[in-house]
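Q: Here the sequence shown stands for residues 1003 to 1185, where the numbers follow the working numbering.
Here it is: the structure, laid out below.
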Amino acid sequence: MNEDWNLISRTIVPLVDQQDFPVEALNESGLGDTTASLFFSPKAPTAGGWIWGVGPVFLLPTATQDVLGTEKWGLGPTAVALKQTGPWTVGMLANHIWSVGGNDSRNDISSTFLQPFLTYTTKTHTTFGTNTESTYDWKNKQWTVPLNASVSQLFKIGTQMLQAQVGARYWAMHPTMARRAGA
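And the structure:
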């Protein structure tokens, strides 16, 4: 934005494949709802070495099938803080989304997302990571808590930097209808 501030965008467009539900109508594949975040962040870390950002988060009803999305527009605050010490990165991403419009026949949204993370990057650019992508649904008073572990490798093809990643997921807590599956 200027000499002192960055504007960072983070957009998640999920590809969803949900199968093996007891109710056949829930077995669908396609795009889910988009979550777009904007973070206003100082260019320089704090005196303690922390990097942080705050801003708005938007929920956009982009699902290609009714069962893959909320059919709601949403808005709320988001924040991120992280610290890099040598090969270690530790931090937390959080947001809260309330529905502000959309299909009146669908449930309203009030959800908190918490993503603490810890990574270690080797000198060969291999990164080992762990995090959760926990969500609390305030309307239904229910947690969804997947525990994630991943390994990724940064590499170059020509001038293009790429990253390949594999991971595993364990569902520590999930709604009754949620499928336990690997990531």
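Backbone N, C-alpha and C define an ideal beta-carbon position, used for all residues, glycine too.
(1) Just confirm the distance between the C-beta atoms of T1080 and F1041, as a whole number of angstroms; I'd bet it's less than 8 Å.
(2) Would you give the residue range spanned by the beta strand (DSSP E) that N1150 belongs to?
(3) Around the C-beta of Q1127, are 16 or more other C-beta atoms found within 10 angstroms, so that it is buried, or is it exposed?
(4) Assess contact between the segment 1129-1142 and the segment 1105-1120, defined as three or more Cβ pairs (one per stretch) separated by less than 8 Å. Is contact present?
(5) Could you name the residues of the same chain whose beta carbon sits closer than 7 Å to that of G1057, not counting the 5 residues immediately before and after it, in chain order?
(6) Taking only runs that begin and end inside the segment 1009-1095, name each unbroken beta strand (DSSP E) of 3 or more residues, in chain order.
(7) Using 8 Å as the cut-off, can you tell me whether the segment 1082-1091 makes contact with the segment 1099-1110, which would need three or more C-beta pairs spanning the two stretches below that distance?
(8) Using DSSP's beta-bridge definition, name the partner residues of P1118.
(9) Can you give the Cα-Cα distance for T1087 and Q1020, rounded to whole angstroms?
(10) Report the option in Y1122, W1140, K1143 whose CA atom is closest to the CA atom of S1154.
(11) In three-state terms, what does DSSP make of W1140?
A: Let's see:
(1) As a first step, residue 1080 is located in the sequence shown; it is residue number 78 there, counting from the start. As a first step, residue 1041 is located in the sequence shown; it is residue number 39 there, counting from the start. Contact flag correct, Cβ pair sits at about 7 Å.
(2) By 1-based counting over the sequence shown, the position of residue 1150 is 148. Looking at the DSSP string, the run of the beta strand (DSSP E) that includes N1150 is 1144-1159.
(3) The residue you call residue 1127 lines up with position 125 of the sequence shown. Per the sequence presented here, residue 1127 reads as His, with Gln not at that position. Looking at its Cβ environment, which holds fewer than 16 other Cβ atoms inside 10 Å, H1127 is exposed.
(4) yes
(5) Taking the first residue of the sequence shown as position 1, residue 1057 is located at position 55. Taken in chain order, the residues that qualify are S1039, L1040, F1041, F1042, T1080.
(6) 1017-1020, 1030-1033, 1036-1044, 1052-1062, 1074-1087
(7) no
(8) As a working mapping, residue 1118 is identified with position 116 in the sequence shown. BP columns for P1118 point to M1094.
(9) Numbered from 1 along the sequence shown, position 85 holds the residue referred to as residue 1087. Numbered from 1 along the sequence shown, position 18 holds the residue referred to as residue 1020. So the alpha carbons of these two residues sit roughly 39 Å apart.
(10) Residue mapping note: residue 1154 aligns to position 152 of the sequence shown, counting from 1. Of the candidates Y1122, W1140, K1143, the one whose C-alpha sits nearest the C-alpha of S1154 is Y1122.
(11) Taking the first residue of the sequence shown as 1, we reach residue 1140 at position 138. DSSP, reduced to helix, strand and coil, places W1140 outside both helices and strands of the structure shown, so it counts as coil.
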